[in-house]
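Just below is one structure, and these are the notes that go with it.
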Amino acid sequence: MRDIVINCRKVYEVGSLYKNKSDEINIIENNLKKISDNIKSAWSGADSHNFIESFEAHIYELENLKNYLEGNSKLLKNNALEHNQSNNKYASRLERRNYNG
Numbered sequence: 101m102r103d104i105v106i107n108c109r110k111v112y113e114v115g116s117l118y119k120n121k122s123d124e125i126n127i128i129e130n131n132l133k134k135i136s137d138n139i140k141s142a143w144s145g146a147d148s149h150n151f152i153e154s155f156e157a158h159i160y161e162l163e164n165l166k167n168y169l170e171g172n173s174k175l176l177k178n179n180a181l182e183h184n185q186s187n188n189k190y191a192s193r194l195e196r197r198n199y200n201g
């Protein structure tokens with residue numbers, strides 16, 4: 101069986117990228133909420149109500165995407181850190197073993 105080797109830095113960077121994208125989606129979501137509020141004050145009637153309900157449902161879906169990205173960001177970053185610590189401990193044990201002979 102072969103050891104699994106990962107590039108911890110790359111995994112951590114992907115986790116950071118996911119977090120950045122989540123933050124971008126949060127900004128977009130907030131801007132869309134402001135637009136929704138402006139539409140409510142500028143347009144009234146049955147058509148407005150139906151449009152706003154549909155528009156806000158789409159905004160809500162961004163919340164799911166944002167949560168997905170944040171969750172995977174934490175998972176990737178934590179696993180990269182834990183894997184890196186494990187690699188360092190293993191390397192340290194090997195060095196001690198080789199040093200002690």
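Here my numbering = 1-based position in the sequence shown + 100. The beta carbon of each residue, even a glycine, is placed where N, CA and C say it ideally should be.
Cβ neighbours of ALA180 in the same chain (closer than 6 angstroms, five flanking residues each side left out) | Closer than 6 angstroms at Cβ, skipping near neighbours: CYS108, VAL111 and TYR112.
Inspect the CB distances between the segment 139–154 and the segment 119–128 and report whether three or more fall short of 8 angstroms.
-> The segment 139–154 makes no contact with the segment 119–128, as fewer than three CB pairs between them are under 8 angstroms.
Looking at C-alpha atoms only, which residue of LYS140, GLU163, ILE106 and ASN138 is the closest neighbour of ILE128?
-> Nearest of LYS140, GLU163, ILE106 and ASN138 to ILE128, Cα basis: GLU163.
Sequence-distant residues of its chain with Cβ nearer than 7 angstroms to LYS133 (five each side left out) = Answer for LYS133: ILE159, listed in chain order.
With DSSP run on the structure shown, which of helix, strand or coil describes ASN167?
-> In the three-state reduction of the DSSP assignment, ASN167 falls in the helix class.
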